[in-house]
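Asks: Please find one structure pasted underneath; my questions will follow.
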Amino acid sequence: MKKIAQAVMVAACLMGAGAAQAQLGGLGGLMNAAKGGGGGDISAEVNTFVTQSAALSQLTGRSVVAITLAFSDEQKRVQTKAELDAINKLTDTKEQKARMTKLVESESAEAKRLYESGEMKTRMATLDSASKKQVGDALLNYGIGALQAVALTRTGQSLVARASANPMALPQLVPVKDALPLLGKVVSDSGGFMAGVVKLAQGAKIDVPAVKADSKAVEITI
């Protein structure tokens, strides 16, 4: 619960409570259904959950990559773009997911290193205007994803609880159980080093756009 509260606090830096509620409105139907109790057919709800969690992982993953690349040299940017292009061309969804996960883990570790070493703080204000915008947009997208991760985590937990009443439904829950740790990491990071990155960006006068009721994630070209 502490991590969830932290995630909401971080996202509050990016959006007001009313806007946050509106941003999560699309998840309302799924959450209400998950709370409905009973152990009936949940396949449609599971499919919706999996689709939304996959989209969220893409959003937050690309956000972390974008932040790291803002501090990278041209060679690293070219290499990362080539890897992203290769991943996008894959037709095997499992391989695509595995390679994207590996890339995001690597870039996330680099972002944490930059932050914890103090290098990010030193260099943040010296970024060019394009890189500053990239950081601001990426933080906006990550903030949206963090709020959605909180809601989806609760939904996934509710689906698992409902399925326990019907053992026949348990196999359907495998992708939900697989997604929950990834969602948990988004929530954890949003209350950890990403909160620090937001403060560094704001301290460097980087515009981190506030989310309004009709705001959507920004397309970031890496």
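Read left to right, the sequence shown gives residues -22 to -1, 1 to 200 (mature numbering (1 follows the signal peptide of the UniProt record, and there is no 0)).
All residues carry an ideal CB built from backbone N, CA and C; glycine is no exception.
(1) Would residue 101 and residue 49 qualify as a contact pair, given that the criterion is a beta-carbon distance under 8 Å?
(2) Would residue 20 and residue 157 qualify as a contact pair, given that the criterion is a beta-carbon distance under 8 Å?
(3) State yes or no: is the C-beta of residue 31 within less than 8 Å of the C-beta of residue 116?
(4) Does residue 187 come out as helix, strand or coil in the three-state DSSP assignment?
(5) Along the chain, where does the alpha helix (DSSP H) that runs through residue 174 open and close?
(6) What would DSSP say about residue 27, mapped onto helix, strand or coil?
(7) Ignore the nearest five residues each way along the sequence and tell me which others in residue 39's own chain have a CB closer than 6 Å to its CB.
(8) From residue 151 to residue 136, what distance separates their C-alpha atoms?
(9) Does residue 110 pass the burial test, meaning 16 or more other C-beta atoms within 10 Å, or should it be called exposed?
(10) From which residue to which residue does the alpha helix (DSSP H) around residue 88 run?
(11) My output table needs one value for residue 34: the three-state DSSP class, helix, strand or coil.
(12) Please report the straight-line C-alpha distance between residue 125 and residue 35, rounded to a whole angstrom.
Replies: Taking the structure as given:
(1) yes
(2) no
(3) no
(4) coil
(5) 171 to 181
(6) helix
(7) 82
(8) 11 Å
(9) buried
(10) 71 to 95
(11) helix
(12) 12 Å
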